[in-house]
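Residue numbers (my numbering): 14 to 80. Some notes on the structure that comes next.
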Amino acid sequence: MTEPRSLKNQEARESLPAELQPIYDELVTDYRWATVKRYGTGYVAYSVLADLVRAGWRPSARQRKQG
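Structure follows, in structure tokens:
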């Protein structure tokens, strides 16, 4: 089940063109997972992630999650 999007997440996502939104979603998911693993909380600065996607951020390869 997918978490409902917060207002900040929704606003940042909608600031991107439709073709970049799936990339943004993937980055948000991966970033949230990493912050939960490292810090115990899933804080995400959504507008910063949208800026990264807009600037050209793309996953370079599928990586395995380290346990």
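Just so you know, even glycine gets a beta-carbon here, dropped at the ideal spot from N, CA and C.
For residue i, the three-state DSSP class (helix, strand or coil)
i: L65; result: helix
i: L29; result: coil
i: R71; result: coil
i: S19; result: coil
i: V49; result: helix
i: T54; result: coil
Residue from the options with nearest C-alpha to residue i
i: P17; options: A63, K50 and D38; result: D38
i: S28; options: L62, P72 and R45; result: L62
i: R26; options: S73, R67, A74 and R71; result: R67
Whole-number beta carbon distance between residue j and residue i, since they are thought to touch under 8 Å
i: L40; j: L65; result: 7 Å
- Report yes or no: do the region 57–64 and the region 17–25 share at least 3 C-beta pairs separated by less than 8 Å? Judged by Cβ distances under 8 Å, the region 57–64 makes contact with the region 17–25, as three or more pairs qualify.
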